[in-house]
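**Student:** Mind having a look at this structure? Questions to follow.
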Amino acid sequence: MLRINCPVCGLRDESEFSYGGDATVMRPAHDETSADVWHDYVFLRDNPRGPHREYWHHVQGCRQWLVVERDTLTHRIGGAVLACDGEEAR
Amino acid sequence: MTAQPNRLASGGRVDRGTTFTVRFDGHDIAAHPGDTLASALLAHGLKVVGRSFKYHRPRGVYAAGVEEPNALVEIRRGPRAEPNTLATTAEAFDGLEAFGQNGWPSVAFDMGAVSGLLSRLLPAGFYYKTFIGPGQGTAFWMFCERFIRRAAGMGRPTQAPDPDTYEKVNAFCDVLVIGAGPAGLSAALAAGRAGARVIMVEQDFVLGGSLNDEPAGGAGDRWRDGVLAELAAMANVKIMPRTTAFGAYDGGVYGLIERVSDHLAEPRAHQPRQRYWQVRAKAAVMATGAIERPLTFGNNDLPGVMLASGVRRYLNRFGVLCGRKVVLATTNDSVYPLARELAAAGAAVTVLDARKEVPVVLAAGLNVLAGHGIAEAHGSKAVSAVTIGALDANGRIGNARRIACDLLAVSGGFTPTLHVWSHPGRKPLYDAARLAFIPDESQSPNFKCAGGCTGEDSLSASIDAGFAKGAEAARLAGHARDIGVSARADIKETGWLRDASRVTAFTGGKAKAFVDFQHDVKTSDIALAHQEGYVSVEHMKRYTTAGMATDQGKTSNLNALSEMAELRKLAIPQVGTTTFRPPFTPVAFGAIVGHETGHHFRPTRLSPMHDWHAAHGAKFIDAGLWERAWYYPRAGESVRDAYVREAAHVRSAAGIVDVSSLGKIAVQGPDAAEFLDRVYTNAFKSLKVGRLRYGVMLRDDGFVLDDGTTARLSETEFMMSTTTANAAKVMSNLEHLLQTAWRSLKVQVTSVSDQWAAMALAGPRARAVLQKACGASCDVSAAALPNMALTHGEIGGAPVRIHRMSYSGELAYELFVPAGFGELVWEALMSAGAEFDLRPYGTEAMGALRIEKGHVAGGELDGRTTMKDLALERFASRKKPFIGSVLRQRSVLEDPARPSLVGLEVVGRAPPLKAGSLLFSEGIPAAGHGEGHVTSTTFSPERGTHIGLALLARGQTRIGEVVRCVDLLGGSEIRCRVVSPCFVDPEGARQNA
Chain A
0 MLRINCPVCG LRDESEFSYG GDATVMRPAH DETSADVWHD YVFLRDNPRG
50 PHREYWHHVQ GCRQWLVVER DTLTHRIGGA VLACDGEEAR
Chain B
0 MTAQPNRLAS GGRVDRGTTF TVRFDGHDIA AHPGDTLASA LLAHGLKVVG
50 RSFKYHRPRG VYAAGVEEPN ALVEIRRGPR AEPNTLATTA EAFDGLEAFG
100 QNGWPSVAFD MGAVSGLLSR LLPAGFYYKT FIGPGQGTAF WMFCERFIRR
150 AAGMGRPTQA PDPDTYEKVN AFCDVLVIGA GPAGLSAALA AGRAGARVIM
200 VEQDFVLGGS LNDEPAGGAG DRWRDGVLAE LAAMANVKIM PRTTAFGAYD
250 GGVYGLIERV SDHLAEPRAH QPRQRYWQVR AKAAVMATGA IERPLTFGNN
300 DLPGVMLASG VRRYLNRFGV LCGRKVVLAT TNDSVYPLAR ELAAAGAAVT
350 VLDARKEVPV VLAAGLNVLA GHGIAEAHGS KAVSAVTIGA LDANGRIGNA
400 RRIACDLLAV SGGFTPTLHV WSHPGRKPLY DAARLAFIPD ESQSPNFKCA
450 GGCTGEDSLS ASIDAGFAKG AEAARLAGHA RDIGVSARAD IKETGWLRDA
500 SRVTAFTGGK AKAFVDFQHD VKTSDIALAH QEGYVSVEHM KRYTTAGMAT
550 DQGKTSNLNA LSEMAELRKL AIPQVGTTTF RPPFTPVAFG AIVGHETGHH
600 FRPTRLSPMH DWHAAHGAKF IDAGLWERAW YYPRAGESVR DAYVREAAHV
650 RSAAGIVDVS SLGKIAVQGP DAAEFLDRVY TNAFKSLKVG RLRYGVMLRD
700 DGFVLDDGTT ARLSETEFMM STTTANAAKV MSNLEHLLQT AWRSLKVQVT
750 SVSDQWAAMA LAGPRARAVL QKACGASCDV SAAALPNMAL THGEIGGAPV
800 RIHRMSYSGE LAYELFVPAG FGELVWEALM SAGAEFDLRP YGTEAMGALR
850 IEKGHVAGGE LDGRTTMKDL ALERFASRKK PFIGSVLRQR SVLEDPARPS
900 LVGLEVVGRA PPLKAGSLLF SEGIPAAGHG EGHVTSTTFS PERGTHIGLA
950 LLARGQTRIG EVVRCVDLLG GSEIRCRVVS PCFVDPEGAR QNA
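Protein chains in written order, with numbering that gives the first Met the number 0: chain A, 0 to 89; chain B, 0 to 992.
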């Protein structure tokens, strides 16, 4: 069972969270009209081996979305920051 | 003949002052406190305790611990009956009842032994090969399955409900120590002295591990007692005997099973049977010791062939002498202390040492044959003789001769018990010097290992290592303090690695030689796998099933690997190992489930009006976690009678239904309207204050996610509703957008689903009921409250927000009440409605009404449909982008052949339509995926027939056509006419009244 260090609530079991997918992809601008851009954002993902940043939602805690670093091979959890503190996609 | 012919008059660690009775297959067996079931059976002289899995060969007790492959018995009768229990770890208690498995009529005399005669037809892989081939079909196979199923399996579980309770505990500690042998005790001592919070678990019911295999009362016992006394005085150390660490997981989390009352006839009042502990440890020290490796030779599975370490434990811990004419076969030094102890207990002992040279100091006074091994054991249901001979360099026996014996104890060295360390996907390293796979701590910085499980064969080194690792673990957890030195135990050591022979398999006998006892896997099966190309260790495991039984290969893994390595002419590490997975030993489902069973399996969400529904005879149905009123039957009514009556009443008079489970989200802020415009397909900026609008929400890929009605309460405040099923998902999505891509929007979203009770009041008399209930507090006339508008009022003194909107197609209102007032307002409405014959209706009737109107719900919003499929295109704005607006226009989603929403009406008298039925045109064979499927069905009170909604290819162009609705699973077919999905009042006159 993974243990995630929520910046608001502290070190908690993964069962309090809901996985939210790849955090390295940027959502296109809301008024983006290119189907190719949307297609790539919705359907294409890299499958990296090693440290990876991904979204986790602390649904049973503060309900903040976090960006968590997890090693896809060893499941070792690195840092976790609030999504709203990180990089912005307009 | 005494009742316990094999029990010595003294020695061991059992309490001979008390004797009680256990029963095995109907025989009374004497036992003492401190016995296991196996030690009592052996003291009694019982040889055959079971029959093997495939060949029904007689089997006896082989070892004295969790590695036991043969002595699987069923203990207890009735609802507590437990099959496949190891007799070697089951604590004996007064009245314990046990039964042999897999033998009929008994294990002593088993008709199933005939399958042993068929063994040439039943090698590894026979199942895969026997039933394939051209022209056979599956008829022959299915015929044989009936017998195979009956013969297969081991042990029978009870069918009765479990009468016991189980608990689940969450625990935290600095250092978890697994194993209370010399290394584990030392680790706990060091960590405890350092001030760390320590939990030490030991699966046995006594502490001390291998120290308890030495003759009682010696230096080992004194050392153990000294350490335990110091540990007992430490408040920061918790010792848990009868507790198995069965799994190591990510994040430093470990699973333990504490057997609270397995050793009692029944749990005491208010006592659980077992506890499942989920422990989060900052560091761990594993000190699980090592398991002896069997020797492989002909008939090595006969009762009376045992592991030497097991024989020693029965002698020194339980005071049981397992045989009087003993042959000890070994590759290493470890059996010599046992040889002397057996001789001192009165047995005649012969030692066969595979090595050409045995030091005089070991062999002095004993009958030792150096350079000798075993070709074959002999005996019908127990060993009575062995064929022995001189060994060549490859393990071949020559100069064979027979000698009599009644106990054959074998030792092929020791294999570290590293299973728990490897659970989180860690691969052990092969250490040629230690002849074993050992843990590689560089892969596990917070998980240390000490003692036998690291391949250590010296007791003093194990104690020192345990102490050092315990201190390191405590330091990792933040506790560093001067802790002194580890105490030494003044015990004479026998390190088994000295000059140990690598050859553990002897050939030269004709009889079957077993590698995996529990699954009856022979050396010839491994040779067969090799011959057929299944040479990788993963293939060999699955093809032969070696290592796949409940013992997970504890005594067979290394021998199977080494056989395959021989055949492939590779070194063992090149063949590799398979992965060990939790649990280390079998775990009862009840322990994992704990109290979360039946009604407590998931949380239950109840409406604020739940008690009223229950008091008025409602039957409930689960909608996710919610319990919703399903129908309110009158005496003798079926669900169908009830919902048809309820729905008809709504259309003719008035009904009220509880819709509190709908998702409700408060969307607030200066940018709230902009936010909704982006999220919904239709325009919300233009929604006036005091109005409602139906909205559709898409996913980014253009498919419909959810629908709902959103009300504008002010310039900056909206109340969004979602379907019950998608409430959590929609809320999560909105939060995600606002916390990532759209952080610049000034919007707050709050789930208020539980804060508002909601009820729908529908029917031609709905307005009259509502006006009476509201009194002078508000005007709900048609002019004052037109369709899709909202107003505020008071009912029974409680504030109410009234939305005029219709799901049923009748004149209808949805009322939102602060949850605490829900029941009060509901009752006030029922009271006001009495003169209008207002009646409650449930979700089944609500479903019938919405299907009659063609409103889409869960069956249609299944994540595979688009707005176009569902005829909702008119809700897609052309003036602004929204989530999914680009990808919904992919050409593949515009294909006119895609299934689109239609209504179906059953033709003639026919059974009810089944949701999920596939649709086929007339005259076309019902094969393949068809042209669509039925999504929702109901009996229509309005039409007097069964109807449904469906998705049909090119549906819009096929109105009037008759199609076949085929239920391929149930094997039935109904003909339906394709009609418009709106069956009632298509102009909407009723809801616009």
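Cβ coordinates follow ideal geometry from the N, Cα and C atoms, glycine included.
So, at 7 angstroms on beta carbons, what are the nonlocal neighbours of Pro581/B in its own chain, with the 5 sequence-adjacent residues on each side left out?
**Tutor:** Counting from 1 along the second sequence, the entry for residue 581/B is found at position 582. Phe245, Gly246, Gly254 and His422.
**Student:** Starting from Ser876/B, find everything on chain A with Cβ-Cβ shorter than 9 angstroms and list it in chain order.
**Tutor:** By one-based count along the second sequence, residue 876/B stands at place 877. Here the premise fails: no neighbours, minimum Cβ distance about 13 angstroms.
**Student:** Hey, is Gly16/B's beta-carbon within less than 8 angstroms of any beta-carbon in chain A?
**Tutor:** Within the second sequence, residue 16/B is the residue found at index 17, counting from 1. No, because no Cβ of chain A sits closer than 8 angstroms to the Cβ of Gly16/B.
**Student:** When you compare only the Cα positions, how much space is there between Pro910/B and Glu716/B?
**Tutor:** Residue mapping note: residue 910/B aligns to position 911 of the second sequence, counting from 1. Residue mapping note: residue 716/B aligns to position 717 of the second sequence, counting from 1. Computed Cα separation, rounded: 49 angstroms.
**Student:** Within its chain, find whatever has a CB closer than 7 angstroms to the CB of Arg75/B; leave out the 5 residues flanking it on each side and keep chain order.
**Tutor:** Start at 1 with the first residue of the second sequence, and residue 75/B comes out as number 76. The answer, listed in chain order, is Glu81 and Glu96.
**Student:** Report yes or no: is there a C-beta of chain B within less than 8 angstroms of the C-beta of Trp37/A?
**Tutor:** Counting from 1 along the first sequence, the entry for residue 37/A is found at position 38. Trp37/A counts as touching chain B.
**Student:** Taking 8 angstroms as the threshold (C-beta atoms), are Leu458/B and Ala488/B in contact?
**Tutor:** On the second sequence, residue 488/B is found 489 positions in, with the first residue counted as 1. On the second sequence, residue 458/B is found 459 positions in, with the first residue counted as 1. Yes, the Cβ-Cβ distance between Ala488/B and Leu458/B is below 8 angstroms.
**Student:** Residues of chain B with a CB under 8 angstroms from the CB of Val41/A: which are they?
**Tutor:** Translated into the one-based positions of the first sequence, residue 41/A becomes position 42. Per Cβ cutoff of 8 angstroms: Asp699, Asp700 and Leu886.
**Student:** Considering only residues of the same chain and omitting the five flanking positions on each side of Val906/B, which have a CB-CB separation below 7 angstroms?
**Tutor:** Residue 906/B sits at position 907 when you count from the first residue of the second sequence. So the qualifying residues of the chain are Val961, Arg974, Cys975 and Arg976.
**Student:** Can you tell me the Cα-Cα spacing of Val460/B and Val360/B, whole angstroms?
**Tutor:** Reading the second sequence from its first residue, position 461 is the one you call residue 460/B. Reading the second sequence from its first residue, position 361 is the one you call residue 360/B. The question names Val, yet the displayed sequence has Ala at residue 460/B. One C-alpha to the other measures close to 22 angstroms.
**Student:** Tell me which same chain residues have a C-beta within less than 6 angstroms of the C-beta of Gly669/B, skipping the five on either side of it?
**Tutor:** Along the second sequence, one-based indexing puts residue 669/B at 670. The residue you asked about is not Gly; residue 669/B is Pro in the sequence shown. The residues are Thr715 and Lys745.
**Student:** Which class does Ala403/B belong to by DSSP, given the choice of helix, strand or coil?
**Tutor:** Within the second sequence, residue 403/B is the residue found at index 404, counting from 1. The answer is strand: DSSP assigns Ala403/B an E or B state.
**Student:** Could you pull the start and end residues of the alpha helix (DSSP H) that Pro336/B belongs to?
**Tutor:** Taking the first residue of the second sequence as position 1, residue 336/B is located at position 337. Per DSSP, Pro336/B belongs to the alpha helix (DSSP H) from Tyr335 to Ala343.
**Student:** Do Phe92/B and Ala264/B have their C-beta atoms closer together than 8 angstroms?
**Tutor:** Residue 92/B sits at position 93 when you count from the first residue of the second sequence. Residue 264/B sits at position 265 when you count from the first residue of the second sequence. Contact: yes.
**Student:** State the Cα-Cα distance for the pair Glu144/B and Ser114/B, rounded to the nearest angstrom.
**Tutor:** Along the second sequence, read from residue 1 onward, the residue named residue 144/B stands at position 145. Along the second sequence, read from residue 1 onward, the residue named residue 114/B stands at position 115. Using only the alpha carbons, I get a separation of about 16 angstroms.
**Student:** To the nearest angstrom, report how far apart Ala88/A and Tyr40/A are at their CA atoms.
**Tutor:** For the purposes of this step, residue 88/A is identified with residue 89 of the first sequence, where counting begins at 1. For the purposes of this step, residue 40/A is identified with residue 41 of the first sequence, where counting begins at 1. Residue confidence for Ala88/A is low, a pLDDT of 41 falling below 50, so the modelled location carries little weight; the figure read from the coordinates is stated next. Approximately 12 angstroms between the Cα atoms of the pair.
**Student:** Output needed for Lys913/B: all residues of its chain with C-beta closer than 6 angstroms, excluding positions within five of it in sequence on either side, in chain order.
**Tutor:** Taking the second sequence and counting its residues from 1, one reaches residue 913/B at position 914. These residues qualify, in order along the chain: Asp966.
**Student:** Which residue marks the beginning of the alpha helix (DSSP H) containing Met730/B, and which one marks its end?
**Tutor:** The count along the second sequence starts at 1 and reaches residue 730/B at position 731. Start and end: Ala726 to Gln738.
**Student:** With DSSP as the reference, identify every bridge partner of Asp70/A, one or two as the case may be.
**Tutor:** Position 71 of the first sequence, counted from the first residue, corresponds to residue 70/A. For Asp70/A, which the question treats as bridged, DSSP gives the partners Pro50/A.
**Student:** Given that Gln738/B touches chain A, what residues does it touch there, using C-beta distances under 8 angstroms?
**Tutor:** Stepping through the second sequence from its first residue, residue 738/B is reached at position 739. Chain A residues near Gln738/B: Gln63, Trp64, Leu81, Ala82 and Cys83.
**Student:** Bridge partners for Thr295/B per DSSP, in chain order?
**Tutor:** As a first step, residue 295/B must be located in the second sequence, where it is residue number 296. DSSP output for Thr295/B lists Ala504/B as bridge partner(s).
**Student:** What are the start and end residues of each continuous alpha helix (DSSP H) run of 4 or more residues lying completely inside the segment 46-121 of chain B, in chain order?
**Tutor:** If we require 4 residues or more, the alpha helix (DSSP H) runs fully inside the segment 46-121 of chain B come out as 113-116.
**Student:** Consider the Cβ of Val252/B: report whether some Cβ of chain A lies at a distance smaller than 8 angstroms.
**Tutor:** As a working mapping, residue 252/B is identified with position 253 in the second sequence. Chain A contact via Cβ: present.
**Student:** Of all the options Thr129/B, Met153/B, Gly152/B and Val174/B, which has the alpha carbon lying nearest to the alpha carbon of Phe142/B?
**Tutor:** Residue numbering aside, residue 142/B sits at position 143 when the second sequence is read from its first letter. Nearest option by C-alpha distance: Thr129/B.
**Student:** Just to confirm the assignment, what range does the beta strand (DSSP E) spanning Phe982/B have?
**Tutor:** By one-based count along the second sequence, residue 982/B stands at place 983. Unbroken run through Phe982/B: none, as it is neither H nor E.
**Student:** If I follow the unbroken beta strand (DSSP E) through Pro798/B, where does it start and stop?
**Tutor:** On the second sequence, residue 798/B is found 799 positions in, with the first residue counted as 1. Taken as a continuous stretch (DSSP letters only), the beta strand (DSSP E) holding Pro798/B covers Ala797 to Arg803.
**Student:** Whose C-alpha, out of His51/A, Cys5/A and Phe16/A, is nearest the C-alpha of Leu72/A?
**Tutor:** Here residue 72/A refers to the residue found at position 73 of the first sequence. Answer by Cα proximity: His51/A.
**Student:** Give the list of continuous beta strand (DSSP E) stretches no shorter than 3 residues that lie fully inside the segment 475-563 of chain B.
**Tutor:** Entirely contained in the segment 475-563 of chain B, the beta strand (DSSP E) runs reaching 3 residues are, in chain order, 513-515.
**Student:** May I ask you to report which of helix, strand or coil DSSP gives Leu810/B?
**Tutor:** What you label residue 810/B is simply residue 811 of the second sequence in a count that begins at 1. Note: Leu810/B maps to coil in three-state DSSP.
**Student:** Is the beta carbon of Pro817/B sitting closer than 8 angstroms to the one on Gly654/B?
**Tutor:** Counted from its first residue, the second sequence places residue 817/B at position 818. Counted from its first residue, the second sequence places residue 654/B at position 655. Contact flag unset, no.
**Student:** DSSP has Val933/B in a bridge; who is on the other side?
**Tutor:** For the purposes of this step, residue 933/B is identified with residue 934 of the second sequence, where counting begins at 1. According to DSSP, which records beta bridges pairwise, Val933/B is partnered with Ala949/B.
**Student:** Are the beta-carbon atoms belonging to Gly841/B and Tyr631/B less than 8 angstroms from one another?
**Tutor:** Indexing the second sequence from 1 puts residue 841/B at position 842. Indexing the second sequence from 1 puts residue 631/B at position 632. Their beta carbons are under 8 angstroms apart, which means Gly841/B touches Tyr631/B by this criterion.
**Student:** Measuring alpha carbon to alpha carbon, tell me which of Tyr429/B, Gly959/B and Pro763/B ends up nearest Ala570/B.
**Tutor:** For the purposes of this step, residue 570/B is identified with residue 571 of the second sequence, where counting begins at 1. Taking only the C-alpha atoms, the option nearest Ala570/B is Tyr429/B.
**Student:** What ranges does the beta strand (DSSP E) occupy inside the segment 851-936 of chain B, keeping only unbroken runs of at least 3 residues that lie completely in it?
**Tutor:** Qualifying beta strand (DSSP E) stretches, in chain order: 898-905 and 917-920.
**Student:** Closer than 8 angstroms, Cβ to any Cβ of chain E: which residues of the segment 228-262 of chain B, in chain order?
**Tutor:** This model lacks chain E altogether; the protein chains it does include are A and B.
**Student:** I'd like to know if Gly78/A contacts chain B, where contact means its C-beta is closer than 8 angstroms to some C-beta of that chain.
**Tutor:** Within the first sequence, numbered from 1, the residue matching residue 78/A stands at position 79. Gly78/A does not count as touching chain B.
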